[in-house]
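Working notes, structure below.
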Amino acid sequence: MNYGFVGTGEIAAAIVEGLSKDVDDAPSIFLSPRSRSVGQELTERFPNVQVCAGNQDVLDNATTIVLAVRPPIAQEVLTDLTFRPDHVLISALAGVRLTQLREWAAPAAEVVRTIPLPPAARRQSLTAMYPDNTAARTLFDSVGGTVVPNEEKDLEVFSAATSTFAAHLDYVSTIAAWMTDQGVEDTTATAYTAHIFGQLGQALLQHDGSLETLTGKHMTPGGINEQLLTDLRTGGVPDTVRHALDGILTRLRDQ
Ligand SMILES: NC(=O)c1ccc[n+]([C@@H]2O[C@H](COP(=O)([O-])OP(=O)(O)OC[C@H]3O[C@@H](n4cnc5c(N)ncnc54)[C@H](OP(=O)(O)O)[C@@H]3O)[C@@H](O)[C@H]2O)c1
């Protein structure tokens, strides 16, 4: 098995690490020459990885190609390349439609859109993809797993869900800052908050019922969790989150 990457930035590096780190029979991986520093670091760490002289060399060396450049340059990068009918193009680009990708990468027969996540580096990225595709499934199952929505337009819904990470971390950081305001040492507040939310994340991963059930388990009737939740709901926080997500979805679908 071998893979080519056109665009060797953050997300490509995460996938390459997941495919390579501590893997006995790691696939051969061919990287485009940009970004030089990322490619150099990956080749130093992993013997199965090499940097090619140009983007076309990546296509000439591999059949399954992961596209991981920024969306605005996708057309320019793809139309500059000569694809073969047996190429499988796996795009990691947010918001670039299948119809466009198929046109720009013709005559590549198989084109897939995906949403890989940085935990691919630890083989923990649940990657949404559309349409279902054997080569993409093989790649992303080996770095965490795959989920296939019913329609292409659902990918934007999944992307929108991932736009909440920074806000979620800011919520956690607000709690730590509030603890510090109350006189708790900064490092202690940060470590404590990271621990309790890290454990909550584990509980989420291990829970297989509805999220409402899990919420209920963390709430005693009349207790302090219920009080805070009620205050936030009364203050309109869930409505604000939904409204902001609607805005992200509109932005992604109008691209
Ligand atoms: N980061 C994430 O968590 C994530 C998750 C899912 C999807 N994505 C998608 O993945 C794509 C890449 O994101 P990223 O965060 O990895 O961005 P990034 O770190 O900026 O990587 C983009 C890479 O493309 C390279 N590049 C620029 N022009 C090129 C060209 N003409 N030919 C080949 N490579 C070229 C850049 O090289 P230079 O450094 O030399 O400019 C850079 O290494 C985006 O479309 C994004 O929507 C990202």
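Quick note: the sequence shown uses our numbering, first residue 47, plus one each step.
We put the beta carbon where it would ideally sit given N, CA and C, even for glycine.
Decide if residue i is buried, meaning its Cβ has at least 16 other Cβ atoms within 10 Å, or exposed.
i      : result
Leu77  : buried
Phe186 : buried
Leu139 : buried
His133 : buried
Tyr217 : exposed
Gly314 : Nothing can be reported for residue 314: it is not among the residues displayed for the chain, which extend from 47 to 301.
Gly255 : exposed
Just checking residue i against ligand 1 - is the residue's beta carbon closer than 7 Å to any of the ligand's heavy atoms?
i      : result
Val112 : no
Glu56  : yes
Gly53  : yes
Ser209 : no
Leu257 : no
Val189 : no
Arg279 : no
Arg299 : no
Helix, strand or coil for residue i, going by three-state DSSP, please let me know.
i      : result
Thr128 : coil
Gly191 : coil
Val52  : strand
Arg159 : strand
Ser256 : coil
Ala235 : helix
Arg148 : helix
Gly64  : helix
Asn196 : coil
Can you tell me where the alpha helix (DSSP H) holding residue i begins and where it ends?
i      : result
Thr110 : Careful: Thr110 lies outside any alpha helix (DSSP H), inside the beta strand (DSSP E) at 110–113.
Met175 : Where Met175 is concerned, there is no enclosing alpha helix (DSSP H), although the beta strand (DSSP E) it sits in stretches over 173–176.
Ser83  : 82–91
Thr208 : 200–208
If you follow the beta strand (DSSP E) that residue i is in, where does it begin and where does it stop?
i      : result
Ser137 : 134–137
Val95  : 95–97
Ile119 : Taken as a continuous stretch (DSSP letters only), Ile119 belongs to no beta strand (DSSP E), as it is neither H nor E.
Ser74  : 74–77
Does the stretch 153–169 come into contact with the stretch 187–198, if we say contact requires no fewer than three beta-carbon pairs (one atom in each stretch) closer than 8 Å? At 8 Å Cβ cutoff, the stretches touch.
Assess, as a yes-or-no matter, whether the stretch 112–120 is touched by the stretch 51–64 under the definition of 3 or more beta carbon pairs within less than 8 Å. Because the criterion of three Cβ pairs below 8 Å is met, the stretch 51–64 and the stretch 112–120 touch.
Between the stretch 199–207 and the stretch 145–155, are three or more C-beta pairs nearer than 8 Å? By the C-beta criterion, the stretch 199–207 is judged not to be in contact with the stretch 145–155, since fewer than 3 inter-stretch pairs fall below 8 Å.
Could you tell me whether the stretch 119–135 touches the stretch 60–72, using the rule of 3 or more Cβ pairs below 8 Å? These segments do not touch.
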